[in-house]
């Protein structure tokens, strides 16, 4: 299968072709300015590639319900040139199915088909960076609901050591207001990337992320939580979050180990998208993991959307 | 269709027959003691009734994955006589399909087919009583994940007026530890049912329940949240929870109104299971609602499970 994918971010769009094993065959990118400037090179590229389907993981809010007439339209975004832009219409000339998802739902599907949750029916992908956002796979289906999950603005308990008011313009001290990259910078007066691995910032950050993981676990009974995004480049955070999650759960829930979730890893794996290998000593090591696809999770996720649309309709 | 249903609670089991419109034709009950005492009258009843399928909404934890060999088994319960009890085996002699769910997942399905969320693909049912537990419907599918959603032990922020340590043996001051019926009684020294409608207990209770609703909304993007159980007999709580939810969300999410979620109410309604009529002035009035099936939500939910199994397999 020859498939097209677009990872549509707020600063750049990464696009390319690949196949149903998650292998990226070619990758390009273009700056995200306006549809008039950004889209033509992507359209021209796909017109020359004979793809069977195109998957798009897009910044939002976006209409992801295929039963709506405005399926694939970008809704009320602050990026005003893109408000009302419709992905399926933009690629109509290519003459193949165009499947649209949020960027984080594309990423969670990519990770579940080819990455850190390969073979799992239920997992969550959360990116912690400029903002906090998440995608949810439940019973093999991407969760949409009324629009799509947000996760970032969840209410969490303030860490007792934390006197920072919080940076969210809506809620001040919601999760995103306390634990996004900009929140870390505002609180400590320094970019997170400039703080030492043993800086107290990271224990506090882990506390907030652990509360999020606990609440996701209790609501979804999910099998794996993948934490990505710029803040998670601080790799020491993974163990800190795992420790705090165990403390918060206090034995109430038995976290899944690899053994009881990896029913069968039936997704094809390949050279450019190898998941991290886990040889977990504790169940929490297998439960809270980094993305397996690294920087490719967006584009591979878009290819996964396209691949899945050839197997089952986007419902 | 002639269908059987069992609402298996910790103190009694309600069982009966009904049809695919959610109509209950006959209803009986028996005390929950041990499988040896409790099950024979239910089995005898179904053997005499020629049912096409039996739905069971059971106390848990319970194995709800139909691909597991122990599908329908009660797992590690403190009700020791029931540990390892297998529902499908108990009714094998009837010779019809037996579909098993948690009590709250049965209730959410019943409400989505015939009750307060009739016609919606995405909703949550939470019961607030001796404990707090919830069931989740997402994209028309009941969420299972690793086992099934719990919801009750979610982490919430302590209300600034609250000096009660919390009553959860695992987490002390998780949602259930702060907001279940026993928590209300421990905090105020009086059963909730004996507290006046304007007692400060209810503002505090509403704060905790609103935090739960906010987090459910952000994780699931759900279309409706149904709050039931003994504590919600304090009907003034609904408006208090709606007010607090609006305050917490602070305009970040536009709550669904009836207009944009009630795509088509295609479930059959009937005399004994009429949903409450909502003529909401604010979207939150339609978003946070009481059960439409009242005391019948468990049994009607079990019938809904049976009805759905004749239309689609339990996946």
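Protein chains in written order, with the working numbering: chain A, 1247 to 1561; chain B, 1247 to 1561.
Idealized CB from N, CA, C, for every residue including glycine.
Within 9 Å of the CB of residue 1368 of chain A, the CB atoms of chain B belong to 1389, 1390, 1391 and 1392, in sequence order along the chain.
Just so you know, the alpha carbons of residue 1422 of chain B and residue 1400 of chain A end up roughly 18 Å apart. Inter-residue distance for residue 1536 of chain B and residue 1413 of chain B is about 26 Å (C-alpha atoms, whole angstroms).
Within the same chain, and ignoring the five residues on either side of residue 1385 of chain B in sequence, the residues whose Cβ sits closer than 7 Å to its Cβ are 1367 and 1368.
Between residue 1340 of chain A and residue 1292 of chain A, the beta carbon gap of about 5 Å places them in contact (Cβ cut-off 8 Å).
Look at residue 1556 of chain B here: in three-state DSSP terms it is helix.
Residue environment analysis places residue 1356 of chain B among the buried positions, since at least 16 neighbouring C-beta atoms fall within 10 angstroms of its C-beta. Residue pairing by DSSP places residue 1384 of chain B opposite B:1387 in a beta bridge.
Residues of chain A with a Cβ closer than 8 Å to the Cβ of residue 1457 of chain B are, in chain order, 1401. The C-beta of residue 1324 of chain B has fewer than 16 other C-beta atoms within 10 Å across all chains shown, which makes the residue exposed.
Distance from the CA atom of residue 1474 of chain B to the CA atom of residue 1531 of chain A, rounded to whole angstroms, is 37 Å.
By the criterion of a C-beta distance shorter than 8 Å, residue 1494 of chain A is surrounded in its chain by 1456, 1457 and 1460, once the five residues flanking it on both sides are discounted. Contact between residue 1302 of chain B and residue 1254 of chain B holds, since their C-beta atoms are separated by about 6 Å, short of 8 Å. Only exposed fits residue 1418 of chain B, as fewer than 16 other CB atoms lie within 10 angstroms of its CB.
For the segment 1458–1486 of chain B, the set of positions with a beta-carbon nearer than 7 Å to some beta-carbon of chain A reads 1460, 1461, 1462, 1464, 1465, 1466, 1467, 1468 and 1469 in chain order. Chain B places no beta carbon closer than 8 Å to that of residue 1423 of chain A, leaving this residue out of the contacts.
Counting along the chain, residue 1261 of chain A sits inside the beta strand (DSSP E) bounded by residues 1258–1264. Residue 1268 of chain A and residue 1360 of chain A do touch by the CB rule: their CB atoms are close to 3 Å apart, below 8 Å.
Restricting attention to B:1394, B:1336 and B:1544, the CA atom closest to the CA of residue 1287 of chain B is found in B:1336. Contact between residue 1352 of chain A and residue 1332 of chain A is ruled out by a C-beta separation of about 17 Å, above the 8 Å threshold. The beta carbon of residue 1486 of chain A is closer than 7 Å to those of 1448, 1449 and 1452 in its chain, skipping five residues each way along the sequence.
Three or more Cβ pairs closer than 8 Å define a contact, and the segment 1463–1473 of chain B falls short of that threshold against the segment 1427–1434 of chain B. Assignment of residue 1348 of chain A by DSSP, reduced to helix, strand and coil, places it in the strand class.
For residue 1261 of chain A, the closest of A:1556, A:1546, A:1342 and A:1411 by C-alpha to C-alpha distance is A:1546. Only residues of its own chain outside the window of five on either side were considered, and among them 1370, 1468 and 1471 have a CB closer than 7 Å to the CB of residue 1462 of chain A, listed in chain order. Scanning its chain for C-beta atoms nearer than 7 Å, with the 5 sequence neighbours on each side dropped, one finds around residue 1478 of chain B the residues 1374 and 1536, in chain order.
Counting C-beta atoms within 10 angstroms of its own C-beta, residue 1395 of chain A has 16 or more neighbours from the protein chains shown and is therefore classed as buried.
Of B:1464, B:1420, B:1343 and B:1534, the smallest CA-CA separation from residue 1405 of chain B is found for B:1420. Between residue 1279 of chain B and residue 1257 of chain B, the alpha-carbon positions lie close to 8 Å from each other. In chain B, no part has a C-beta under 9 Å from the C-beta of residue 1363 of chain A; the shortest such distance is about 12 Å. Setting aside the 5 residues that flank it on each side, residue 1550 of chain A is surrounded in the same chain by 1355, 1356 and 1359, each with a C-beta closer than 6 Å to its C-beta; the list follows chain order. Secondary structure of residue 1373 of chain B (DSSP, three-state): strand. Short of 7 Å from the beta carbon of residue 1247 of chain A, and not among the five residues preceding or following it, lie these beta carbons of its own chain, in chain order: 1265, 1266, 1298, 1553 and 1556.
Closest by C-alpha distance to residue 1541 of chain A, out of A:1410, A:1329 and A:1270, is A:1270. The Cβ atoms of residue 1378 of chain B and residue 1365 of chain B lie no closer than 8 Å to each other.
For residue 1275 of chain A, the secondary structure class from DSSP, reduced to helix, strand or coil, is strand.
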